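Protein chains: 2
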Amino acid sequence: MVQTRVHNLFVSSDGYAAGDHVTLEEPIGGAGALFGKFDGRVIHGIHRIKDPVTVDRAMFSMWGQGIGAEIMGRRKFGPQSGEWPDDGWEGWWGDEPPFLTPVFILTHFPRKTLEFANGTSFHFVDASPEKVLRLAQDAAGGLDVRIGGGPSTVSEFLQADLIDFLHVAIVPIVLGSGVRIWDHLAGLEDRFSVESISTSSGLTHQLWNRIGRD
Amino acid sequence: MVQTRVHNLFVSSDGYAAGDHVTLEEPIGGAGALFGKFDGRVIHGIHRIKDPVTVDRAMFSMWGQGIGAEIMGRRKFGPQSGEWPDDGWEGWWGDEPPFLTPVFILTHFPRKTLEFANGTSFHFVDASPEKVLRLAQDAAGGLDVRIGGGPSTVSEFLQADLIDFLHVAIVPIVLGSGVRIWDHLAGLEDRFSVESISTSSGLTHQLWNRIGRD
Chain A
0 MVQTRVHNLF VSSDGYAAGD HVTLEEPIGG AGALFGKFDG RVIHGIHRIK
50 DPVTVDRAMF SMWGQGIGAE IMGRRKFGPQ SGEWPDDGWE GWWGDEPPFL
100 TPVFILTHFP RKTLEFANGT SFHFVDASPE KVLRLAQDAA GGLDVRIGGG
150 PSTVSEFLQA DLIDFLHVAI VPIVLGSGVR IWDHLAGLED RFSVESISTS
200 SGLTHQLWNR IGRD
Chain B
0 MVQTRVHNLF VSSDGYAAGD HVTLEEPIGG AGALFGKFDG RVIHGIHRIK
50 DPVTVDRAMF SMWGQGIGAE IMGRRKFGPQ SGEWPDDGWE GWWGDEPPFL
100 TPVFILTHFP RKTLEFANGT SFHFVDASPE KVLRLAQDAA GGLDVRIGGG
150 PSTVSEFLQA DLIDFLHVAI VPIVLGSGVR IWDHLAGLED RFSVESISTS
200 SGLTHQLWNR IGRD
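Chains as they are written, first to last, in numbering that gives the first Met the number 0: chain A, 0 to 213; chain B, 0 to 213.
What follows is the structure, given as structure tokens:
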């Protein structure tokens, strides 16, 4: 029953899913407009808000359902590259990262595991998609594994055909530059069934379900 | 933050939300067609299935999110009426009722509380909607309260203006008879904002959010 899932992947009309340059000041590389309709408060459930339960929020709330581990790229964890500087960096999220599970961070520069009181832990691994996925599945306790991004990591897992479910939110904006999500994935739709709905916010939610995997 | 919510209320094109006569053989009174697109496996999360995650299933999965107690009408609990017969009836659901929380059952004929190992308990109360809602809120531990149906109970709570959120699924079938959901609710839309989406299954999901309650 263990699936590998991607949630809340925001993609512009021209196919960008992040900005070009991630910095400390711009965690998503100047592509903040991609996330203008996102409501991170509901990733662990619609009951976390008093605001109206919209279709968008219902879709966002799938993020945390039955997830036992996450895999993310290094760039989602921080703006640094190369050897880790001795700067105490523990990710963008402060003392309470929202993951609540083990998180495996792909990097060529492993470092010591970080553990947080809320159940989140960051494990730094230099591994292929297949290998880190096995690590994450072992850690997930029978629950699903989320591929958390960024877009380059999602693309890599899609190219390796390791994704069972992908929730894309198409945002009707034109970014003009950034990290492209659909490169090297021509014909991806042949491996998936896709259902789309559009909501009153202007978002189009696409649910990609991998066909015919046991 | 505590809300009173209704989920997965299936309504036919002609406004019926259950069949006429509930019997042991027909728990929903011959209106089974209403539930033809329903997938009860996902009420505690989309990860409970290996089948594709459709928009319908994503919407159904809101049912269990952050719920601390349910209120249901007697007819949802069983087909009996009047004094409870000494027949050992403990509901339709066997040893593992799917609720996992306290459930308050409205009846003029109170009986002893039933408790199950999975966290479900059935409490039988003869009370007004306002009073049973207070009981349920006290039992919910800061989480939300679900009004579980049947349709007469939902209608009663809507008439009393006690519902904050209502998820209706309009099913494109014509039942011709049954329990009507919209009677005595003319102008209900004035108290709510409503968002609708239609999915590839033919269902239309409506999310009704109460306007302007603190």
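In this text, a Cβ means the ideal position worked out from N, Cα and C, and glycines have one as well. These numbers were taken from a predicted model, which means no experiment stands behind them.
Identification of chain A residues near B:Asp143 by a Cβ-Cβ cut-off of 8 Å yields His46, ordered along the chain.
Between the alpha carbons of B:Ile146 and A:Arg179 lies a distance of about 45 Å. In the DSSP annotation of this structure, the continuous segment of the alpha helix (DSSP H) that includes B:Ala57 starts and ends at Val54 to Phe59. A:Asp137: not part of any beta strand (DSSP E); member of the alpha helix (DSSP H) spanning Pro128 to Ala138, first to last residue. A check of alpha carbon separations from B:Asn208 across B:Gly140, B:Val173, B:Glu194 and B:Pro109 identifies B:Glu194 as the nearest.
Under the 10 Å beta carbon count, B:Phe123 is surrounded by 16 or more other beta carbons and is classified as buried. In the three-state DSSP reduction, B:Gly31 falls in the helix class (H, G or I).
Short of 6 Å from the beta carbon of B:Trp83, and not among the five residues preceding or following it, lie these beta carbons of its own chain, in chain order: Phe108 and Arg110. Chain A places a beta carbon closer than 8 Å to that of B:Glu194, counting this residue as a contact. Taking a C-beta cut-off of 8 Å against chain B, the contacting residues of the region 56–70 of chain A are Ala57, Met58, Ser60, Met61, Gln64, Gly65 and Ile66, listed in chain order.
Nearest to A:Gln64 by alpha-carbon distance, out of A:Leu8, A:Phe37 and A:Arg4, is A:Arg4. Exclusion of the five residues before and after A:Glu114 leaves Ser120 as the residues of its chain whose Cβ lies within less than 6 Å of its Cβ. Within 8 Å of the CB of B:Thr198, the CB atoms of chain A belong to Glu194 and Ile196, in sequence order along the chain.
Excluding the 5 residues flanking it on each side, A:His183 has same chain C-beta neighbours closer than 8 Å at Ser154 and Gln158, in chain order. When secondary structure is reduced to three states using DSSP, B:Val10 falls in the strand class. DSSP, reduced to helix, strand and coil, places A:Arg212 outside both helices and strands of the structure shown, so it counts as coil. If you ignore the 5 residues before and after A:Ile27, its C-beta comes within less than 8 Å of the C-beta of Ala17, Gly18, Val21, Leu33 and Phe34, all in its own chain and listed in chain order.
A:Asn117 counts as exposed, since fewer than 16 other beta carbons sit within 10 angstroms of its beta carbon.
Per the coordinates, the alpha-carbon of B:Lys130 lies some 13 Å from the alpha-carbon of B:Thr106.
Per the C-alpha coordinates, the member of B:Ser151, B:Val102 and B:His6 positioned closest to B:Tyr15 is B:Ser151. What B:Phe164 touches in chain A, judged by beta-carbon distance under 7 Å, is Val52, going in chain order.
Counting only residues of its own chain and dropping the five nearest sequence neighbours on each side, B:Gly31 has no CB closer than 7 Å to any other CB.
Against B:Leu23, chain A offers no close residue; the least beta-carbon distance is about 33 Å (beta-carbon pairs closer than 8 Å).
Apart from the 5 residues on each side of it in sequence, B:Val52 sits with its Cβ closer than 6 Å to the Cβ of Ile45 in its chain, given in chain order. Straight-line spacing of the CA atoms in A:Phe59 and B:Leu165 works out to 18 Å. For B:Leu206, the C-beta contacts it makes with chain A under 8 Å involve Pro51, Val52, Thr53, Val54 and Ala57, in order along the chain. With respect to the C-alpha of B:Leu8, the residue from B:Trp88, B:Asp38 and B:Asp86 having the closest C-alpha is B:Asp38. For A:Phe164, the enclosing beta strand (DSSP E) starts and ends at Phe164 to Val170.
The beta carbon of A:Arg74 sits closer than 6 Å to those of Val21 and Gly149, all from its chain and outside the five residues before and after it, given in chain order.
Scanning the region 36–106 of chain B for uninterrupted alpha helix (DSSP H) segments of 4 residues or longer gives 54–59 and 73–76, listed from N- to C-terminal end. Distances from the CA of B:Gly81 to each of B:Gln205, B:Leu99 and B:Asp125 were compared; the closest alpha carbon is that of B:Asp125. Short of 6 Å from the beta carbon of B:Ala68, and not among the five residues preceding or following it, lie these beta carbons of its own chain, in chain order: Thr100, Pro101, Ala135, Ala138, Ala139 and Val144.
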